[in-house]
Each structure stands twice: as structure tokens, then as C-alpha cells.
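> Please find one structure pasted underneath; my questions will follow.
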Amino acid sequence: MLRFDIHLHARPAGLSPGETLAIDGRSLPTLDVPISARGQTFPITFEEVGERLEALPRMFFEPDGSFVWVSPQGPDDWQVDGVLYDRGGAVLFAELKGRCPAEHFDRLLAAFGWPATAVMMQLTRQAVFVDEATFREWATSVSSEKRTV
10 MLRFDIHLHA RPAGLSPGET LAIDGRSLPT LDVPISARGQ TFPITFEEVG ERLEALPRMF
70 FEPDGSFVWV SPQGPDDWQV DGVLYDRGGA VLFAELKGRC PAEHFDRLLA AFGWPATAVM
130 MQLTRQAVFV DEATFREWAT SVSSEKRTV
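Numbering of the sequence shown is given in this note's numbering, commencing with residue 10 and proceeding in unit increments.
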């Protein structure tokens, strides 16, 4: 299960590794994302992402770009809340918060053109950019901690 509060961005080519920071007792390798690169949009329109999201089961998508995706009822319930932000008709980034199994997160990413389109995540509370692999490790460890508390 992945637990997250992120901004999902298309990953610009040629990014350099950033500092490795100690956050919440973990070493977290970051990405150095220049301000000029933060405006890169996904190569897909707002409407196309909306249509792809609406095709997911139990997805509720609003025309303003807000959405909620819920699991079937059961012992491992999950939910993802999100909002799409666009620029010039293309998706600039998506705000995503919640938790879900990795395979469902993959389906969510696919709506944005992943894996053909590389992604990066900005951890909202920590205000750092990380690559996909670092995010998945982070989101899995945060989810594990929540279960044991």
C-alpha cells in the first residue's frame, strides 16, 4: 500500500540529482529541479486525462479537474483524492493525496501517459522533488509506519 500527499509532474529530461536530505529519520535522495523546468506540462490534454480517469472503476471526476477514486468495500479500503491543474490546455501537474495499492497507483499514472512519460513527485509537506523509485520507497515506508502506530 502506498500512502502519499504529492504533486505529480512530468519529469523534464536532464535533471541532476539534488541533495540527499535527512527527513523523518530517513535519507531521501532528491532531484534538483530548476524553476524554469517546473512549468513543463504533460504531453496530454486536460480533457484526455479526464476521460482516462473517468474510465477507472469507482472514479468520480468533476469537470473542474477534481476527483476521488475509491476502493470496493473491504478490509483494505483505500481512497485517492486529486485535482488536475492545467496550462494551455495540457496538464501542468496533479495534486494527489490518499493511499492505494501500487498496482492501482500504476493505473492512475497511466492516465497521465506513464510509463512512456517519465514522472517525478513533489512531496508536499517536505517540499522536495523525488524520482519515481524514491517516491515509491517513501510512500511504502510511510504506509507501513501508519499501520504499526
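Backbone N, C-alpha and C fix where the C-beta goes; we use that ideal spot for every residue, glycine too.
1) Starting from the C-beta of Ala142, find all residues in its chain whose C-beta is less than 8 angstroms away, skip the five residues before and the five after it, and write them out in chain order.
2) Report the start-end ranges of each beta strand (DSSP E) in the stretch 24-59 that is 3 residues or longer and not cut off at the edges.
3) Can you tell me whether DSSP reads Trp87 as helix, strand or coil?
4) So Asp90 and Gly107 are in contact, right, with Cβ under 8 angstroms, and what is the actual spacing, rounded?
5) Could you name the residues of the same chain whose beta carbon sits closer than 6 angstroms to that of Gly27, not counting the 5 residues immediately before and after it, in chain order?
6) Which of the three DSSP states, helix, strand or coil, is assigned to Glu63?
7) Taking the alpha helix (DSSP H) that Glu112 falls in, what are its first and last residues?
8) Under 7 angstroms, do Ala99 and Thr50 count as touching if we go by C-beta distance?
9) I need the DSSP call for Arg108, collapsed to helix, strand or coil.
The answer reads as follows:
1) Working through the sequence shown from its first residue, we reach residue 142 at position 133. Same-chain partners within the cutoff: there are none.
2) Taking 3 residues as the shortest admissible run, the stretch 24-59 contains the following complete beta strand (DSSP E) segments, listed from N- to C-terminal end: 25-32 and 35-41.
3) For the purposes of this step, residue 87 is identified with residue 78 of the sequence shown, where counting begins at 1. Coil at Trp87, not helix or strand.
4) If you number the sequence shown from 1, residue 90 lands on position 81. If you number the sequence shown from 1, residue 107 lands on position 98. For a cut-off of 8 angstroms, the C-beta gap from Asp90 to Gly107 is around 5 angstroms, short enough to register as a contact.
5) Indexing the sequence shown from 1 puts residue 27 at position 18. Thr39, Leu40 and Asp41, listed in sequence order.
6) One-based indexing of the sequence shown puts residue 63 at position 54. Of the three classes helix, strand and coil, the one that applies to Glu63 here is helix, per DSSP.
7) In the sequence shown, the residue the question calls residue 112 occupies position 103. Membership of Glu112 in the alpha helix (DSSP H) is indicated by the continuous run Ala111 to Ala119.
8) The sequence position of residue 99 within the sequence shown is 90, counting from 1. The sequence position of residue 50 within the sequence shown is 41, counting from 1. The answer is yes: Cβ separation under 7 angstroms.
9) By 1-based counting over the sequence shown, the position of residue 108 is 99. Reduced to three states, the DSSP call for Arg108 is strand.
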